[in-house]
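Note sheet for the following structure.
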Amino acid sequence: MNSPNDVNSLEVSRLAYAYPDGTQALFGVDLTIGRGERVALLGPNGAGKTTLVMHLNGILTAGHGTVTVGGTPVRKDTLKEVRRRVGLVFQDPDDQLFMPTVRDDVAFGPANMGLTGEELERAVKGALDRVGMLEAIDRPPHHLSFGQRRRVAVATVLAMEPEILVLDEPSSNLDPAARRELAEILRSLDVTVLMVTHDLPYALELCERSLILSGGVIAADGPTRELLADTELLAAHRLELPYGFAVPAPAEPA
Amino acid sequence: MGAGHHHQLYLPGASAVHRLPPQCKLLAVFAFAVVVVATPRERFWAFGLYALLLAAVAWAARVPPGHVLRRMAIELPFVLFAFLIPVIGLGERTTVLGLSLSVPGLWAAWNILAKATLGVVASILLAATTEPRVILLGAQRLRVPSLLVQIAMFMLRYLDVILDEMRRMRVARESRGFEARDVRQLPAVARSAGALFIRSYERGERVHLAMLSRGYSGRMPMLGEVSASAAQWGVALLLPVSALAVLGLSL
Numbered sequence: 001m002n003s004p005n006d007v008n009s010l011e012v013s014r015l016a017y018a019y020p021d022g023t024q025a026l027f028g029v030d031l032t033i034g035r036g037e038r039v040a041l042l043g044p045n046g047a048g049k050t051t052l053v054m055h056l057n058g059i060l061t062a063g064h065g066t067v068t069v070g071g072t073p074v075r076k077d078t079l080k081e082v083r084r085r086v087g088l089v090f091q092d093p094d095d096q097l098f099m100p101t102v103r104d105d106v107a108f109g110p111a112n113m114g115l116t117g118e119e120l121e122r123a124v125k126g127a128l129d130r131v132g133m134l135e136a137i138d139r140p141p142h143h144l145s146f147g148q149r150r151r152v153a154v155a156t157v158l159a160m161e162p163e164i165l166v167l168d169e170p171s172s173n174l175d176p177a178a179r180r181e182l183a184e185i186l187r188s189l190d191v192t193v194l195m196v197t198h199d200l201p202y203a204l205e206l207c208e209r210s211l212i213l214s215g216g217v218i219a220a221d222g223p224t225r226e227l228l229a230d231t232e233l234l235a236a237h238r239l240e241l242p243y244g245f246a247v248p249a250p251a252e253p254a
Numbered sequence: 255m256g257a258g259h260h261h262q263l264y265l266p267g268a269s270a271v272h273r274l275p276p277q278c279k280l281l282a283v284f285a286f287a288v289v290v291v292a293t294p295r296e297r298f299w300a301f302g303l304y305a306l307l308l309a310a311v312a313w314a315a316r317v318p319p320g321h322v323l324r325r326m327a328i329e330l331p332f333v334l335f336a337f338l339i340p341v342i343g344l345g346e347r348t349t350v351l352g353l354s355l356s357v358p359g360l361w362a363a364w365n366i367l368a369k370a371t372l373g374v375v376a377s378i379l380l381a382a383t384t385e386p387r388v389i390l391l392g393a394q395r396l397r398v399p400s401l402l403v404q405i406a407m408f409m410l411r412y413l414d415v416i417l418d419e420m421r422r423m424r425v426a427r428e429s430r431g432f433e434a435r436d437v438r439q440l441p442a443v444a445r446s447a448g449a450l451f452i453r454s455y456e457r458g459e460r461v462h463l464a465m466l467s468r469g470y471s472g473r474m475p476m477l478g479e480v481s482a483s484a485a486q487w488g489v490a491l492l493l494p495v496s497a498l499a500v501l502g503l504s505l
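Chains as they are written, first to last, in this note's numbering: chain A, 1 to 254; chain B, 255 to 505.
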């Protein structure tokens with residue numbers, strides 16, 4: 001293992017992308033995420049958030065610019081390595097959990113990486129333990145509650161020991177308790193996290209730093225607290241805090 | 255949630271039949287079906303013995319007769335078809351209860367009924383003693399083409415998701431005053447079916463992306479090794495071998 005700061009978990013440089021029908025979605029995105037950081041990627045619907053995420057593990061390949069994960073550039077010949085390092089958690093856990101049991105599902109990634117037998121079992125149990133779902137190991141995913149399914153979805157990528165965990169709208173459709181439980185789990189993980197969301201309080205709760213993606217470029221990059229306090233900046237990018245919500249004063253000096 | 259219809263076929267238990275590895279049971283049922291189909295239809299007593307063999311398996315697996323009988327409903331369309339054959343059949347005719355029936359038709363109906371029933375009962379016993387996903391593991395072990403196993407696996411996983419989606423669409427239709435009463439309402443139902451197809455197709459694409467993201471390269475990793483000992487094969491093959499002995503005697 002390298003020391004925490006000599007390689008960045010994620011570097012995106014001048015990334016541009018147009019869909020095959022000609023619609024340009026990204027117009028030169030630059031961002032860097034250091035090891036161990038938890039960063040929120042904020043933006044209104046249609047800002048290109050999902051398009052950007054699809055580039056991070058090479059499902060879409062850059063029209064222009066580069067993406068580098070833990071020092072490895074995303075290219076055709078590095079796809080296998082990159083997909084191991086970028087853990088993508090999709091918005092709908094029913095898309096993510098496609099195997100008949102929780103155990104098989106969490107084992108899918110590590111087994112594709114070549115783990116077998118005892119080693120595979122250890123990876124599966126370790127990942128489920130980290131999200132507090134070890135007791136559900138032999139249950140079929142459709143017997144779990146929505147919040148439990150989302151936690152198992154996080155475990156499916158944790159089992160691959162990713163360099164960076166990328167979560168697409170992690171708080172969507174969760175009830176308040178499930179939302180808090182997921183936050184506690186995410187905070188307890190010692191991996192780099194990129195959280196794509198327009199749930200601003202959740203970003204404030206979990207991420208020190210935020211990026212605003214708007215119109216296919218990074219429009220702002222800074223401490224979450226400062227960005228959310230800037231009402232004009234938020235309004236310019238179709239973002240706003242929920243009714244009755246004000247950025248609370250910092251609990252401890254930064 | 256689409257609760258309530260899970261494992262309708264599977265009957266949890268710990269009998270010797272339950273504990274056999276799935277690939278042994280799959281092959282045993284398949285071989286049994288082949289022997290049954292190969293038996294000449296005139297040998298009534300052979301079919302009786304086959305039925306007794308299945309009864310013995312059911313007894314060993316502690317599957318109650320009611321469980322098997324209720325699930326035999328799936329055979330009904332074939333039964334109806336079988337009853338039609340003697341009525342519309344050609345050739346020599348005979349009169350049963352004032353009904354003129356074709357003799358070759360009667361033989362054909364008996365042939366279909368007897369063989370299909372034995373096959374269906376054997377399959378029900380397999381499903382009652384083996385979880386669906388374990389059956390698929392067995393199929394994988396038996397080198398059934400991996401694409402077929404994968405398709406069956408996804409069907410198993412997403413059946414409830416899709417049924418649930420279908421239920422939500424029905425609720426949405428009915429909430430807006432729709433009632434499916436006669437043929438004129440059919441277009442609305444057809445459009446729902448189309449929408450459901452598109453949604454499922456799109457879900458398929460998203461699932462594929464999720465699989466790619468975790469290193470899928472066209473082959474499912476072999477999960478859950480289920481190896482079978484010679485003794486287990488011996489026990490499982492008792493069924494088709496006994497059936498084969500009966501067939502040998504009847505020829």
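Backbone N, C-alpha and C fix where the C-beta goes; we use that ideal spot for every residue, glycine too.
First through last residue of the alpha helix (DSSP H) which encompasses residue i
i	result
residue 201/A	200-206
residue 237/A	Premise fails: residue 237/A is in no alpha helix (DSSP H) and is neither H nor E.
residue 455/B	440-467
residue 331/B	330-342
residue 420/B	400-429
residue 389/B	386-395
residue 172/A	Per DSSP, residue 172/A belongs to no alpha helix (DSSP H) and is neither H nor E.
Neighbour flag for residue i against chain A, beta carbons, 7 Å
i	result
residue 258/B	Here the model assigns residue 258/B a pLDDT of 42, short of 50, so the residue's position is not dependable and the matter cannot be decided.
residue 461/B	yes
residue 396/B	no
residue 450/B	no
residue 505/B	no
residue 440/B	no
residue 415/B	yes
residue 453/B	no
Chain B contact for residue i (CB, 7 Å cutoff)
i	result
residue 142/A	yes
residue 88/A	yes
residue 111/A	yes
residue 256/A	Beyond the ends of chain A as shown, which are 1 and 254, falls residue 256/A; an answer cannot be given.
residue 20/A	no
residue 59/A	yes
residue 254/A	Confidence is the limiting factor: at residue 254/A the pLDDT is only 48, short of 50, which leaves the residue's position unreliable, though a coordinate-based value still follows. Output row for residue 254/A: interface = no.
residue 4/A	Any answer about residue 4/A is weak, because its pLDDT of 48 lies below 50 and its placement is not dependable; what the coordinates show is given next. No, because no Cβ of chain B sits closer than 7 Å to the Cβ of residue 4/A.
residue 96/A	yes
residue 1/A	In this prediction, residue 1/A has a pLDDT of 44, which is less than 50 and means its spatial position is unreliable; nothing more can be read from the coordinates.
residue 108/A	yes
Chain B residues whose Cβ lies nearer than 7 Å to that of residue i
i	result
residue 80/A	469
Residue j beta carbon less than 7 Å from that of residue i
i	j	result
residue 160/A	residue 126/A	no
residue 163/A	residue 70/A	yes
residue 146/A	residue 464/B	no
residue 25/A	residue 215/A	no
residue 112/A	residue 469/B	yes
residue 219/A	residue 237/A	yes
residue 15/A	residue 65/A	yes
residue 57/A	residue 86/A	yes
residue 165/A	residue 193/A	yes
residue 271/B	residue 383/B	yes
residue 454/B	residue 416/B	yes
residue 277/B	residue 392/B	yes
residue 211/A	residue 41/A	yes
Start-to-end residues for the beta strand (DSSP E) that takes in residue i
i	result
residue 27/A	24-33
residue 212/A	209-214
residue 142/A	Per DSSP, residue 142/A belongs to no beta strand (DSSP E) and is neither H nor E.
residue 473/B	That residue, residue 473/B, is in no beta strand (DSSP E); it is neither H nor E in DSSP.
residue 65/A	64-69
Partners in chain A for residue i, counting only beta-carbon separations shorter than 8 Å
i	result
residue 484/B	Simply none; closest approach about 23 Å.
Residues that residue i contacts on chain B, provided the C-beta gap is smaller than 9 Å
i	result
residue 173/A	Going along chain B, no residue has its Cβ under 9 Å from residue 173/A, so there is no contact; the nearest lies around 14 Å.
residue 160/A	468 and 469
residue 156/A	464 and 468
Residues that residue i contacts on chain A, provided the C-beta gap is smaller than 9 Å
i	result
residue 265/B	Neighbours of residue 265/B on chain A: none; closest Cβ ~17 Å, over 9 Å.
residue 480/B	Ordered by position in chain A, no residue passes the 9 Å Cβ test against residue 480/B, which lies about 13 Å from the chain.
residue 387/B	99, 100, 101, 104 and 140
residue 301/B	Result: empty, since nearest Cβ-Cβ is about 36 Å, beyond 9 Å.
Beta-carbon neighbours of residue i, restricted to chain B and to distances below 8 Å
i	result
residue 83/A	466, 467, 468 and 469
Chain A contact residues for residue i, given Cβ-Cβ distances below 7 Å
i	result
residue 358/B	Those do not exist, as residue 358/B stays about 47 Å from chain A at its closest Cβ, beyond 7 Å.
Worksheet item: Is it true that the region 278-298 of chain B meets the region 327-334 of chain B, where meeting means three or more beta-carbon pairs spaced less than 8 Å apart?
Response: no
Worksheet item: Okay, do the region 227-242 of chain A and the region 19-35 of chain A touch, 3+ Cβ pairs below 8 Å being the bar?
Response: no
Fill in: Given 8 Å, three or more beta-carbon pairs between the region 92-106 of chain A and the region 126-146 of chain A
yes
Discussion item. Whether or not the region 360-369 of chain B and the region 312-323 of chain B are in contact is what I'm after, with contact meaning three or more pairs of Cβ atoms, one per stretch, closer than 8 Å; do they touch?
Written reply: no
Worksheet item: Are the region 168-176 of chain A and the region 187-200 of chain A in contact at 8 Å, needing three or more beta carbon pairs?
Response: yes
Fill in: Inter-stretch contact (C-beta, 8 Å, three-pair minimum) for the region 268-288 of chain B and the region 485-498 of chain B
yes
Discussion item. Taking contact to mean 3 or more Cβ pairs, one atom from each stretch, closer than 8 Å, check whether the region 339-346 of chain B and the region 408-415 of chain B are in contact.
Written reply: no
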